[in-house]
Ligand SMILES: Cc1cc2nc3c(=O)[nH]c(=O)nc-3n(C[C@H](O)[C@H](O)[C@H](O)COP(=O)(O)OP(=O)(O)OC[C@H]3O[C@@H](n4cnc5c(N)ncnc54)[C@H](O)[C@@H]3O)c2cc1C
């Protein structure tokens, strides 16, 4: 049997990057004719379970339970596949030359296949990891914010998506003496899952959260401005916007900053480049989507593109029409829908709000 050697580069080592590494190596049991040299590149040396951030803002002491050494993870995974080489480089990819199959950090690295799992970052670094700085930026931001929250009497939260709603619920249920105002920026909170909106608003109001809908606000330090009104708070928390980590790619492969791919996650004209996770423009930017909808498509496309298995029957990615979203509102419950079916508050408690799934963090990131 002739052994072929292939260089694979994975950009990003969060949920999607680690999943990509495990999926690719797992395939090598089936395709023994290929020896892989894999390099995983990311600016942080610890992976961070950002799902728990709203809880960490009131229980910062749990931070060590949501950080995992990437080197250790990569070494542990690689140890199971000793015929292949896997290396971790802590750094930021500055550019990719798609024509010449090269990734530039400080030096240039050649690839046969490139996996882009570089996700997105947030305006306030507490919600997600950065594209250049390591995890201490995010950790320090959470620490600082949790202290500021303790010292503030009036807090505005900008953004009525899951992050804003969850954070409003956490703060209001933990600190009954603080005035919490949520600016949703839309007609209703949780507008992507409208069947949950009115229940979520009711639960937030019961906790004393003031909800201001239908206002596009501007934030200026501790001031929130809309129409001709300027409201001042002790603290303003921005939870409204994510920025795709795609600056290293040419504009023509991007759509609103996210990567344009075919339905099998391959870059148009460059099928050896496969994307996964939040960086996909066709994805729904959630862990649930990654695990339940994207993973199966990725498994097949890597069999075809990396291991050249032409017998693979492709099935393209489709966003699920049966949403799954579990949104804690405080420690005792919240609102949720699982595969399109609404679930009661006590189930939200069991699934997520009791510990923000911190007990599951390791499964997702190692
Ligand atoms: C507060 C919050 C709570 C959430 N809760 C849930 C939830 O309960 N359920 C759910 O389904 N989803 C949830 N999500 C969404 C979830 O966080 C994302 O779907 C997930 O992070 C996507 O993973 P990813 O690996 O694609 O990208 P990311 O997690 O964004 O990771 C990208 C990685 O790539 C690295 N990177 C970026 N640029 C470069 C570069 N140039 N070179 C090298 N590396 C780079 C980054 O540093 C990072 O390590 C939540 C999101 C937020 C903000």
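Numbering (my numbering), first residue to last: 1448 to 1813. Glycine included, C-beta positions come from ideal geometry on N, C-alpha and C.
Checklist entry - Just to confirm, does residue 1500 get its C-beta within under 7 Å of one of the non-hydrogen atoms of ligand 1? => result Position 53 of the chain shown holds residue 1500. Flag set: Cβ of residue 1500 near ligand 1.
Next on the checklist: Please return the same chain residues whose Cβ sits closer than 8 Å to the Cβ of residue 1752, not counting the five positions on each side in sequence.
Outcome noted: Looking up residue 1752 in the chain shown gives position 305. Here the set comprises 1560, 1713, 1718, 1719, 1721.
Next on the checklist: Here's the rule: buried if 16 or more other CB atoms are within 10 angstroms of the residue's CB, otherwise exposed. What is residue 1468?
Outcome noted: For the purposes of this step, residue 1468 is taken as residue 21 along the chain shown, with counting starting at 1. So residue 1468 ends up on the buried side.
Checklist entry - Could you give the residue range of the beta strand (DSSP E) that holds residue 1679? => result Numbered from 1 along the chain shown, position 232 holds the residue referred to as residue 1679. 1676–1679 is the extent of the beta strand (DSSP E) around residue 1679.
Checklist entry - So with Cβ pairs under 8 Å, would you call residue 1663 a contact of chain B? => result Chain labels in this structure do not include chain B; a single protein chain is all it has.
Item to check | Limits of the unbroken alpha helix (DSSP H) element including residue 1501 | outcome: Here the question's residue 1501 lines up with position 54 in the chain shown. Unbroken alpha helix (DSSP H) run through residue 1501: 1500–1503.
Checklist entry - Beta-carbon separation of residue 1739 and residue 1767 under 8 Å? => result Within the chain shown, numbered from 1, the residue matching residue 1739 stands at position 292. Within the chain shown, numbered from 1, the residue matching residue 1767 stands at position 320. Closer than 8 Å, so yes.
Item to check | Segment contact, 8 Å Cβ cut-off, at least three pairs: the stretch 1670–1680 with the stretch 1580–1594 | outcome: no
Next on the checklist: Three Cβ pairs or more, each shorter than 8 Å: is that satisfied between the stretch 1797–1811 and the stretch 1500–1509?
Outcome noted: yes
Item to check | Segments of 3+ residues assigned as beta strand (DSSP E) that fall wholly inside the stretch 1461–1541 | outcome: 1481–1489, 1493–1495, 1514–1516, 1532–1537
Checklist entry - Which runs of the alpha helix (DSSP H) spanning at least 4 residues fall entirely within the stretch 1604–1640, listed in chain order? => result 1609–1621
Checklist entry - What distance in whole Å lies between the Cβ atoms of residue 1562 and residue 1458, which are believed to be in contact at a cut-off of 8 Å? => result Position 11 of the chain shown, counting from 1, holds the residue named residue 1458. Position 115 of the chain shown, counting from 1, holds the residue named residue 1562. Contact flag correct, Cβ pair sits at about 7 Å.
Checklist entry - Once you ignore the five residues that flank residue 1523 on each side, which residues in its own chain have a CB closer than 8 Å to its CB? => result By 1-based counting over the chain shown, the position of residue 1523 is 76. Same-chain partners within the cutoff: 1813.
Item to check | Same chain only: Cβ atoms within 8 Å of residue 1688, ignoring 5 sequence neighbours per side | outcome: The sequence position of residue 1688 within the chain shown is 241, counting from 1. 1569, 1570, 1606, listed in sequence order.
Item to check | Euclidean distance between Cα positions of residue 1653 and residue 1782 | outcome: The residue given as residue 1653 occupies position 206 in the chain shown. The residue given as residue 1782 occupies position 335 in the chain shown. Roughly 14 Å separates the two Cα atoms.
Checklist entry - Hey, quick one: how far does the beta strand (DSSP E) through residue 1562 stretch, first residue to last? => result By 1-based counting over the chain shown, the position of residue 1562 is 115. Its beta strand (DSSP E) spans residues 1560–1563.
Checklist entry - Any contact of the stretch 1529–1547 with the stretch 1484–1499, i.e. 3+ C-beta pairs under 8 Å? => result yes
Item to check | Nearest-angstrom beta carbon gap, residue 1711 and residue 1744 [assumed within contact, 8 Å] | outcome: Locating residue 1744 in the chain shown gives position 297, where the first residue counts as 1. Locating residue 1711 in the chain shown gives position 264, where the first residue counts as 1. Confirmed, Cβ separation roughly 6 Å.
Checklist entry - Less than 7 Å between the CB of residue 1797 and some heavy atom of ligand 1, yes or no? => result Within the chain shown, numbered from 1, the residue matching residue 1797 stands at position 350. No, ligand 1 has no heavy atom inside 7 Å of this Cβ.
Item to check | Nearest-angstrom beta carbon gap, residue 1558 and residue 1454 [assumed within contact, 8 Å] | outcome: Your numbering for residue 1454 matches position 7 in the chain shown. Your numbering for residue 1558 matches position 111 in the chain shown. Confirmed, about 5 Å.
Checklist entry - Less than 8 Å separating the beta-carbons of residue 1780 and residue 1620? => result Your numbering for residue 1780 matches position 333 in the chain shown. Your numbering for residue 1620 matches position 173 in the chain shown. Not in contact: residue 1780 and residue 1620 (Cβ atoms no closer than 8 Å).
Checklist entry - Nearest CA to the CA of residue 1631: which residue from 1603, 1790, 1622, 1475? => result For this step, residue 1631 is matched to residue 184 along the chain shown. Among 1603, 1790, 1622, 1475, the Cα nearest to that of residue 1631 is on 1603.
Checklist entry - Span of the alpha helix (DSSP H) holding residue 1809? => result Within the chain shown, residue 1809 is the residue found at index 362, counting from 1. It spans 1808–1812 - the alpha helix (DSSP H) in which residue 1809 sits, taken as one unbroken run.
Checklist entry - Do residue 1575 and ligand 1 come close, with the Cβ less than 7 Å from some heavy atom? => result Here residue 1575 refers to the residue found at position 128 when the chain shown is read from its first residue. Yes; taking the cut-off as 7 Å, the Cβ of residue 1575 has a heavy atom of ligand 1 nearer than that.
Checklist entry - Going straight from the alpha carbon of residue 1742 to that of residue 1628, what length do you get? => result To locate residue 1742, count along the chain shown from 1; it is residue 295. To locate residue 1628, count along the chain shown from 1; it is residue 181. Taking the straight line joining both Cα atoms gives about 38 Å.
Checklist entry - According to the Cβ coordinates, are residue 1728 and residue 1707 closer than 8 Å? => result What you label residue 1728 is simply residue 281 of the chain shown in a count that begins at 1. What you label residue 1707 is simply residue 260 of the chain shown in a count that begins at 1. Yes, Cβ-Cβ distance for residue 1728 and residue 1707 is below 8 Å.
Checklist entry - To which residues does DSSP link residue 1744 through a beta bridge? => result Here residue 1744 is taken as the residue at index 297 of the chain shown, counted from 1. Partner(s): none; residue 1744 has no beta bridge.
Checklist entry - By Cβ distance, which residues of its chain are closer than 8 Å to residue 1600, with the 5 residues on each side in sequence left out? => result Within the chain shown, numbered from 1, the residue matching residue 1600 stands at position 153. Closer than 8 Å at the Cβ level, and outside the excluded window around residue 1600, lie 1624, 1625, 1626, 1681.
Checklist entry - By Cβ distance below 6 Å, which residues in the same chain neighbour residue 1655 in space, the five residues on each side in sequence not counted? => result Counted from its first residue, the chain shown places residue 1655 at position 208. Here the set comprises 1619.
Checklist entry - The beta strand (DSSP E) with residue 1694 in it runs from where to where? => result The count along the chain shown starts at 1 and reaches residue 1694 at position 247. Note, residue 1694: premise wrong, no beta strand (DSSP E); not H, not E.
Item to check | For residue 1693 and residue 1726, believed in contact at Cβ under 8 Å, the rounded distance | outcome: In the chain shown, residue 1726 corresponds to position 279, counting from 1. In the chain shown, residue 1693 corresponds to position 246, counting from 1. About 6 Å separates the two Cβ atoms, so the contact holds.
Checklist entry - Is residue 1557 helix, strand or coil by DSSP? => result The residue given as residue 1557 occupies position 110 in the chain shown. DSSP places residue 1557 in strand when its eight states are reduced to three.
Checklist entry - If you follow the alpha helix (DSSP H) that residue 1595 is part of, which residue opens it and which one closes it? => result For this step, residue 1595 is matched to residue 148 along the chain shown. Segment 1583–1598, the alpha helix (DSSP H) holding residue 1595.
Next on the checklist: Does the beta-carbon of residue 1768, which I'm using as the reference point, lie nearer than 7 Å to any heavy atom of ligand 1?
Outcome noted: For the purposes of this step, residue 1768 is taken as residue 321 along the chain shown, with counting starting at 1. Flag unset: Cβ of residue 1768 not near ligand 1.
Checklist entry - Does the separation of the CB atoms of residue 1827 and residue 1493 fall below 8 Å? => result Nothing about residue 1827 can be reported from this structure: the residues present for the chain run from 1448 to 1813 only.
Next on the checklist: At a threshold of 7 Å, does residue 1733 count as lining ligand 1 (C-beta to nearest heavy atom)?
Outcome noted: Here residue 1733 is taken as the residue at index 286 of the chain shown, counted from 1. Yes, since a heavy atom of ligand 1 falls inside the 7 Å radius drawn around the Cβ of residue 1733.
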